[in-house]
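First to last, the sequence lines map onto chains A, B, C, D, E and F.
Oh and the first sequence: position 205 is 1062 in the numbering used here, straight run, nothing missing.
Oh and the second sequence: position 33 is 890 in the numbering used here, straight run, nothing missing.
Oh and the third sequence: position 257 is 1114 in the numbering used here, straight run, nothing missing.
Oh and the fourth sequence: position 167 is 1024 in the numbering used here, straight run, nothing missing.
Oh and the fifth sequence: position 107 is 964 in the numbering used here, straight run, nothing missing.
Oh and the sixth sequence: position 4 is 861 in the numbering used here, straight run, nothing missing.
6 protein chains.
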Amino acid sequence: MELVFTTWNEVEAYLDRSKGIIVPLGSIEQHGPNGLIGTDALCAEAIARGISGSDDVMLGPTIAFGVAPFNLRFPGTISMRSKTLMSIVTDYVQSLASQGFERFYFLNGHGGNVGPVRAACQDLQAERSLSASGSQRDMRFFFRSWWEYPTADALRRELYGEGEGMHATPSEIAITQALFPEHPKAAPAAAPPRLSIEYLRDHAGDNHADARQHRLHFPDGRVGSDSRLARPEHGRTLLDAAIEDGKRDYKTFLSQL
Amino acid sequence: MELVFTTWNEVEAYLDRSKGIIVPLGSIEQHGPNGLIGTDALCAEAIARGISGSDDVMLGPTIAFGVAPFNLRFPGTISMRSKTLMSIVTDYVQSLASQGFERFYFLNGHGGNVGPVRAACQDLQAERSLSASGSQRDMRFFFRSWWEYPTADALRRELYGEGEGMHATPSEIAITQALFPEHPKAAPAAAPPRLSIEYLRDHAGDNHADARQHRLHFPDGRVGSDSRLARPEHGRTLLDAAIEDGKRDYKTFLSQL
Amino acid sequence: MELVFTTWNEVEAYLDRSKGIIVPLGSIEQHGPNGLIGTDALCAEAIARGISGSDDVMLGPTIAFGVAPFNLRFPGTISMRSKTLMSIVTDYVQSLASQGFERFYFLNGHGGNVGPVRAACQDLQAERSLSASGSQRDMRFFFRSWWEYPTADALRRELYGEGEGMHATPSEIAITQALFPEHPKAAPAAAPPRLSIEYLRDHAGDNHADARQHRLHFPDGRVGSDSRLARPEHGRTLLDAAIEDGKRDYKTFLSQL
Amino acid sequence: MELVFTTWNEVEAYLDRSKGIIVPLGSIEQHGPNGLIGTDALCAEAIARGISGSDDVMLGPTIAFGVAPFNLRFPGTISMRSKTLMSIVTDYVQSLASQGFERFYFLNGHGGNVGPVRAACQDLQAERSLSASGSQRDMRFFFRSWWEYPTADALRRELYGEGEGMHATPSEIAITQALFPEHPKAAPAAAPPRLSIEYLRDHAGDNHADARQHRLHFPDGRVGSDSRLARPEHGRTLLDAAIEDGKRDYKTFLSQL
Amino acid sequence: MELVFTTWNEVEAYLDRSKGIIVPLGSIEQHGPNGLIGTDALCAEAIARGISGSDDVMLGPTIAFGVAPFNLRFPGTISMRSKTLMSIVTDYVQSLASQGFERFYFLNGHGGNVGPVRAACQDLQAERSLSASGSQRDMRFFFRSWWEYPTADALRRELYGEGEGMHATPSEIAITQALFPEHPKAAPAAAPPRLSIEYLRDHAGDNHADARQHRLHFPDGRVGSDSRLARPEHGRTLLDAAIEDGKRDYKTFLSQL
Amino acid sequence: MELVFTTWNEVEAYLDRSKGIIVPLGSIEQHGPNGLIGTDALCAEAIARGISGSDDVMLGPTIAFGVAPFNLRFPGTISMRSKTLMSIVTDYVQSLASQGFERFYFLNGHGGNVGPVRAACQDLQAERSLSASGSQRDMRFFFRSWWEYPTADALRRELYGEGEGMHATPSEIAITQALFPEHPKAAPAAAPPRLSIEYLRDHAGDNHADARQHRLHFPDGRVGSDSRLARPEHGRTLLDAAIEDGKRDYKTFLSQL
């Protein structure tokens, strides 16, 4: 079930069957010369939609905006401040929790969201933990980036090896190729500059250089990823693998004590 | 052009042709027994997509989450605090402004967003106005709710008269029927309770009752709207009218001194 | 009754008679060559004082500071950020609500306050709506700009026609002339530049240009208003009309279900 | 000169003569059985108005709302959160500083404002100190509570001795009696409970008990003050003394290097 | 007892004996040519540790970071914004209050903390006072700067007279000399510039000049303090005096009604 | 060099040799029956002190307060909200950056800090990236939890195997035993409940259960860690290993392009 396409009566009925919801998390940022700016949101949403194919799993609306300040010098990137993403997650969760939802499964498509979303979940639990009232309902969070799914992870390594790289990866681009054949993009002529692991580590987004440095170091936006390798048929296989992994993972989360 | 389906190189090239962008604003909230929870976001996005059909108009990603606290007692409603929506708008605008965008046209689908988005725009201008540096680029905002478009407004009054009402209107439901025939919903058996204008005025969301009172006063979620009247063919006509109105309106905005 | 001139015992007794309070909202900003910087606050306060002439209507202290960033380049303008005005309204309301006040009638004197005050009221209701506890007292808001009062509105149009304009209007200046004859100001020599409706619409404060542009477009501060037309005797008539309208409007608000 | 009664042209001209402004700070809170709720704001404003009697001294609009959470259980008290008062001070100062004002003299009428206003001033200086740009104009603050003025302080001790107490003092009530004879209040029948210095110290607002405890300890709102002693003629003398002290103090502030 | 060196079981047992805790407050800022950057935190912590020598007094972890924006141009100074210090105090207090602590005694080592910490305590009480629930536990604050202790204060005046000055005082430096003989610093060659009381008053941190001005006025960081006079043996005596004063003061606080 | 024990002149001289600083991050929270509440801060600080043994490496003051809401039901735990820790990190970094520091190496001792500190660093870079001015100095961050150091990590696995567990680990307790023999604690009588990997995963702090659930699931505070195994001599070895690893790691960070 997909929340935006239901009525409130259908949601009310759903809450008798389940207290869980899947929340896709994306980012609006450059993905190199042939990657879509919406890649992260589009991938997370598609996988989450696959997981929520039955009437017993609810797909919440995608939080498409992520935290990607290091990509701001590439036009088209829209980056939330961490505090903003934390507020979005807080209001999203509190709204649904006031209605009976208790289990929030974040399906993430962008590395820069990990810190802020975990921070938001900790603060949500802090408010509950500091409050005097003892009768509160349960509230549990789970956070999973899709590339951590074991089958999908094995597949992308098998398909692309070192070419998978770190940003604008062929795997995520292949998924959007499978999903949106009506938006074809010409592959870049060249591989990304061949970089040592050390170089990549020093300059990847997680080490928090600013946007000027980031564009200087990675002039076409790819961080070690050879996005020429992406093929729509890979994307379909990756999607299927991630969806199967996700179904199991979500079920495990719901069964936690 | 639709930002999420472009590459950063395409956005860079677009900025040579135009500094404008259309930003759809929605809400995730109950829309009565046969209205989709995503109605406001879906309508605003569809109209904005229609306006941005050429290579000279950029459609930004939809801010689907709006401010609708009065609907929180209807399951499925996700309401941002006003401050959160203000932060989203701020980060969205500042990201793109740092890359050269100068004209932001908000195409709104939900009444509760008017206050917070105007407030955010005022604060963005305040920061610019208080800063000492004189060399800043231009930054201009325009805010339009789609039902204010003259042709679309005339059409919905002609089609539904008093049945249009104030929330979960047949016009917005008709638009989603036209857009998503794969999600049909059974029309409610009855008209909404017949309410005097005074009663509606006193209890509508704009007068800021809380969610408990709101559900008490409007038990099936409709505020004076006879959503049984909605037809997909109306929706198509309304969409076309709004898109034509919007193209003119956006062009006028871009031509402002 | 005027809160600042009562004792707490008198307020305690008042709460047995009524749960309502009138809150005037102003702005501290330029009002052209012969308008007082305090115009908006002074007008709203005077009208609210007239409405609250009996022991059954309480006048709260004026929130004189409003949101007017577009006027910051005119010396003397003091503009709050929207978030600040939202915090003032929040603390004002929560203080009195903790003591038993339930109905807050905002009598507004400045257009730029509409967005932020509505946003604050929505967030106040959101906190109530999200909280688990069911036993809360009622809390209701009403927001009215004085120029919306029907008799006062008709009068200003009749008196000034197109010369009323949009900022530093002869009607608000006439009211301050009636109230403060000890602060006479020389009328400007000339009418404001004759502007088309389109030009005004494009450049008025509501379209959120910044303070530099605003002063450039409206060099003496008037936005289409011919403030030479203001006369103290008009002001007295306008005041009386607004007060009568306001008494009815406030009574209707109190009688809401 | 009083800002709210000037035009922007007059302010522009004033800035050629002086960069200073006096900002009265008050509080809206209970002042015992015969003290006005607006006492603190009314006293500070009246003294500040006296100081700014010439064309070379500007009186800014009063920030009437202060921080007085301990008095919230007495109806009529409106207390700002500290953060809100800090935001008001910040926006007030930044607005005027952007136009050329450089010296801000806070004339305070309420003890609870000391912490938050100093905190706000420190944060304003922090932003300037952390910024890279070297060309900023001067910005200086001075904070003075009127009862610290030496002549006024000696006078209130001489008039009331121990009866002056700590809250709802006869001196501040005498000032409002002098200012507003049209709002007479009956003096309480009894002196406040006779309290030891230790008891007062332990329970005064500065030691931050909450509002429930505060009303319990001081049931009629007076903290050791015998407000029966207040006389309008005392008030006039106190006002005159404070105004003379204030004129000297403000002049000294302006002459600082 | 020192919280960081206890186990949670020991704290649980302590709460049966006492609800109090001592919270040292410091600052990380320049202290002239021979004063340690950590001086304020080190002094407050050492005195607090002395007071909490028994099993019935708990020493909380030091909040070493204070508000000192005026010293930011001296390398090594780390200044919190006032709002940040307010948040630290809030979270610190709310954490322990949720476990049963009720009396918080702030032992302060830095003048710039007074405003923000008082502001935070007022806001903590405001939240309690505004909340509807009546069953909350007690929460009381006390704020004391160590130099206010009567014996210690008399001693420092006796030892240094006018040479004590206002910042980087010989008394605080003597205390760190006594505590940390392994970090000797060469005394400056000269006394600080001889300044009139008026000059000092005008330029001291409390009057909120910014960091550029502050360094200009006090080029070696001392504000009228002749830190050459500091001796480790003075420090030992000062420490002992402050600890004895503090034990009495804390006991009085705990005995408040 | 240790910042709190230097003078500002020494810091000024240091900045000619290096732009780097090490910032230890801890937490104040329960560490089971024989673990100190300050464990995380004490370990991180000791390792960082070892790394900064020379005049070319600066040790900044420890941020002892971390984010640990799940432990709030164990007395003694002091947890910052994520937003508070983000503000501390922001003000800490901006203070030093304004003086010339450019490289910030966070040496972390608590898992719950990862999200908030990364979030803060992203927001710091966002402000730089969004600002128009091009002449800013470099600002780089590195985040390392000490148990990730390869030698130390291997050692703790070798010493304790599965008994290392997830919270109140024998390795961190051994380190505090080595550092603070004057605070001995009796080891618990029993091993922690034997838990499956799945059970641990479901209930560890990272999955964000609230404090009530957390204490219910882990009644003595240990999460799968057999803290009986800790020995002071292990602690010394672990410390030495971590310090050597850290020296290399910090040097690598400084050498990044």
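Yeah, the Cβ is synthetic: ideal placement off N, Cα and C, and Gly gets one too.
Practice task
Can you tell me which of the three DSSP states D:S1002 falls into?
Solution key: Sequence index remark: in the fourth sequence, residue 1002 of chain D carries index 145 (1-based). In the structure shown, D:S1002 sits in a strand (DSSP, three-state: E or B).
Handout entry: Short CB-CB distance (under 8 Å) between D:T863 and chain C
Key = The residue you call residue 863 of chain D lines up with position 6 of the fourth sequence. So, interface residue.
Exercise for the section: Using a Cβ-Cβ cut-off of less than 8 Å, list which residues of the stretch 917-947 of chain F approach chain A; keep chain order. Expected result: V924, P926, F927, L929, R930, S936, R938, S939, K940 and M943
Problem - Simplified DSSP assignment, three categories, for B:E859 - result: Start at 1 with the first residue of the second sequence, and residue 859 of chain B comes out as number 2. Three-state result, B:E859: strand.
Problem - Residue-level contact to chain F via CB, A:Q887, 8 Å cutoff - result: Residue mapping note: residue 887 of chain A aligns to position 30 of the first sequence, counting from 1. No, A:Q887 lies away from the interface with chain F (no Cβ there is under 8 Å from its Cβ).
Practice task
Pick out whichever of D:Q956, D:I894 and D:P1050 has its Cα sitting closest to the Cα of D:A870.
Solution key: The residue labelled residue 870 of chain D in the question sits at position 13 within the fourth sequence. Here the closest residue by C-alpha is D:Q956.
Exercise for the section: For C:F1095, collect the residues of the same chain with a Cβ closer than 7 Å to its Cβ; drop the 5 residues on either side in sequence, then sort them by chain order. Expected result: Mapped onto the third sequence, residue 1095 of chain C falls at position 238. Correcting the residue type first, residue 1095 of chain C is Leu in the shown sequence and not Phe. Counting only Cβ-Cβ distances below 7 Å, and skipping sequence neighbours, we find A1009, L1012, R1013, S1028, A1031 and I1032.
Handout entry: Member of E:A1087, E:T919 and E:P932 whose CA lies at the smallest distance from the CA of E:A1025
Key = Stepping through the fifth sequence from its first residue, residue 1025 of chain E is reached at position 168. Of E:A1087, E:T919 and E:P932, the residue nearest in Cα terms is E:A1087.
Practice task
Round the Cβ separation of C:P1045 and C:P890 to the nearest angstrom and send it over; I've been treating them as touching at under 8 Å.
Solution key: For the purposes of this step, residue 1045 of chain C is taken as the residue at position 188 of the third sequence. For the purposes of this step, residue 890 of chain C is taken as the residue at position 33 of the third sequence. About 4 Å; that satisfies the 8 Å criterion.
Practice task
Starting from F:P1027, trace the alpha helix (DSSP H) both ways and give me its first and last residue.
Solution key: Working through the sixth sequence from its first residue, we reach residue 1027 of chain F at position 170. Looking at the DSSP string, the run of the alpha helix (DSSP H) that includes F:P1027 is P1027 to L1036.
Handout entry: Under 8 Å between C-beta atoms of F:A1099 and F:I904
Key = The residue given as residue 1099 of chain F occupies position 242 in the sixth sequence. The residue given as residue 904 of chain F occupies position 47 in the sixth sequence. Taking 8 Å as the Cβ cut-off, F:A1099 and F:I904 qualify as a contacting pair.
Handout entry: Three-state class that DSSP yields for F:G877 in the structure shown
Key = Mapped onto the sixth sequence, residue 877 of chain F falls at position 20. If DSSP states are grouped into helix, strand and coil, F:G877 belongs with the strands.
Exercise for the section: For D:L1073, count neighbouring C-beta atoms within 10 Å of its own C-beta (all shown protein chains included) and say buried if the count is 16 or more, exposed if not. Expected result: For the purposes of this step, residue 1073 of chain D is identified with residue 216 of the fourth sequence, where counting begins at 1. The residue in question, D:L1073, is exposed, as its Cβ has fewer than 16 Cβ neighbours within 10 Å.
Practice task
With 8 Å as the threshold, decide whether the Cβ of A:Q951 is near any Cβ in chain C.
Solution key: In the first sequence, residue 951 of chain A corresponds to position 94, counting from 1. By this cut-off, A:Q951 is an interface position.
Problem - Where the stretch 864-877 of chain E meets chain F: residues whose CB sits under 7 Å from a CB there - result: T864, W865, N866, V868, E869 and L872
Handout entry: Buried versus exposed, by CB contacts within 10 Å (16 or more), C:S988
Key = As a working mapping, residue 988 of chain C is identified with position 131 in the third sequence. Counting Cβ neighbours within 10 Å, C:S988 comes out exposed, since fewer than 16 surround it.
Exercise for the section: Count the other C-beta atoms from every protein chain shown that fall within 10 angstroms of the C-beta of D:S952, then say buried if there are 16 or more, exposed otherwise. Expected result: For the purposes of this step, residue 952 of chain D is identified with residue 95 of the fourth sequence, where counting begins at 1. The residue is buried, with at least 16 neighbouring Cβ atoms inside 10 Å.
Problem - Per-residue contacts from E:S1140 into chain A (C-beta, under 8 Å) - result: Because chain E here runs from 858 to 1114, residue 1140 of chain E falls outside it and cannot be looked at.
Practice task
Check each candidate in E:G917, E:G895, E:L942 and E:H1071 and name the one with the smallest Cα separation from D:A977.
Solution key: Along the fourth sequence, read from residue 1 onward, the residue named residue 977 of chain D stands at position 120. Closest by alpha carbon: E:L942.
Handout entry: As assigned by DSSP and simplified to three states, the class of D:N928
Key = Locating residue 928 of chain D in the fourth sequence gives position 71, counting from the first residue. Helix.
Exercise for the section: Could you have a look at A:F922 and say whether DSSP puts it in helix, strand or coil? Expected result: Taking the first residue of the first sequence as position 1, residue 922 of chain A is located at position 65. Correct three-state label for A:F922: coil.
Problem - Residue-level contact to chain A via CB, C:L1036, 8 Å cutoff - result: Within the third sequence, the letter at position 179 stands for residue 1036 of chain C. By this cut-off, C:L1036 is not an interface position.
Handout entry: Cβ of C:S955 within 8 Å of any chain E Cβ
Key = One-based indexing of the third sequence puts residue 955 of chain C at position 98. Yes, contact with chain E.
Problem - Validate contact between the stretch 905-925 of chain D and the stretch 957-971 of chain C using beta carbons, cut 8 Å, 3 pairs - result: no
Practice task
For chain B, find out if any of its Cβ atoms is closer than 8 Å to the Cβ of C:L1096; answer yes or no.
Solution key: Against the third sequence, residue 1096 of chain C aligns to sequence position 239. No, its Cβ sits nowhere closer than 8 Å to a Cβ of chain B.
Problem - Span separating the alpha-carbon of B:G1092 from that of B:Y1017 - result: As a working note, residue 1092 of chain B is residue 235 in the second sequence. As a working note, residue 1017 of chain B is residue 160 in the second sequence. About 12 Å.
Exercise for the section: Run down chain B in chain order and give the residues with a C-beta less than 8 Å from the C-beta of F:L812. Expected result: Chain F is shown from 858 up to 1114; residue 812 of chain F falls before or after that span and cannot be answered.
Practice task
Look up D:H1024 in the DSSP assignment and say whether it is helix, strand or coil.
Solution key: The residue you call residue 1024 of chain D lines up with position 167 of the fourth sequence. Three-state DSSP puts D:H1024 in a strand.
Problem - Proximal residues of chain E, C-beta to C-beta of D:A976 below 7 Å - result: In the fourth sequence, the residue the question calls residue 976 of chain D occupies position 119. What D:A976 touches in chain E: S939, G972, P973 and A976.
Practice task
For the beta strand (DSSP E) holding F:F963, just list the boundary residues, first then last.
Solution key: Mapped onto the sixth sequence, residue 963 of chain F falls at position 106. It spans R960 to N965 - the beta strand (DSSP E) in which F:F963 sits, taken as one unbroken run.
Handout entry: Residues that B:C894 contacts on chain A, provided the C-beta gap is smaller than 8 Å
Key = Your numbering for residue 894 of chain B matches position 37 in the second sequence. Residue 894 of chain B is actually Ile in this sequence, not Cys. Ordered by position in chain A, the residues that pass the 8 Å Cβ test against B:I894 are L860, V861, F862, T863, T864, W865 and V868.
Exercise for the section: Would you mind sorting B:D897 into buried or exposed? The rule is 16 or more other CB atoms within 10 Å of its CB. Expected result: By 1-based counting over the second sequence, the position of residue 897 of chain B is 40. B:D897 is classed as buried because its beta carbon has at least 16 other beta carbons within 10 Å across all chains shown.
Problem - Distance between beta carbons of B:V861 and B:I920, contact taken as under 8 Å - result: What you label residue 920 of chain B is simply residue 63 of the second sequence in a count that begins at 1. What you label residue 861 of chain B is simply residue 4 of the second sequence in a count that begins at 1. Contact doesn't hold; Cβ gap of about 13 Å is too wide.
Exercise for the section: Report the residue from D:R975, D:S1053 and D:S939 whose alpha carbon sits nearest the alpha carbon of E:A983. Expected result: Here residue 983 of chain E is taken as the residue at index 126 of the fifth sequence, counted from 1. Among D:R975, D:S1053 and D:S939, the Cα nearest to that of E:A983 belongs to D:S939.
Exercise for the section: Let me know if C:I1054 comes out buried or exposed under the rule of 16 or more other beta-carbons within 10 Å of its beta-carbon. Expected result: Translated into positions along the third sequence, residue 1054 of chain C becomes position 197. Exposed, since its Cβ has fewer than 16 Cβ neighbours within 10 Å.
Handout entry: Helix, strand or coil at B:R1093 according to DSSP, with G and I counted as helix
Key = Counted from its first residue, the second sequence places residue 1093 of chain B at position 236. Shown here, B:R1093 sits in a helix according to DSSP, grouped into three states.
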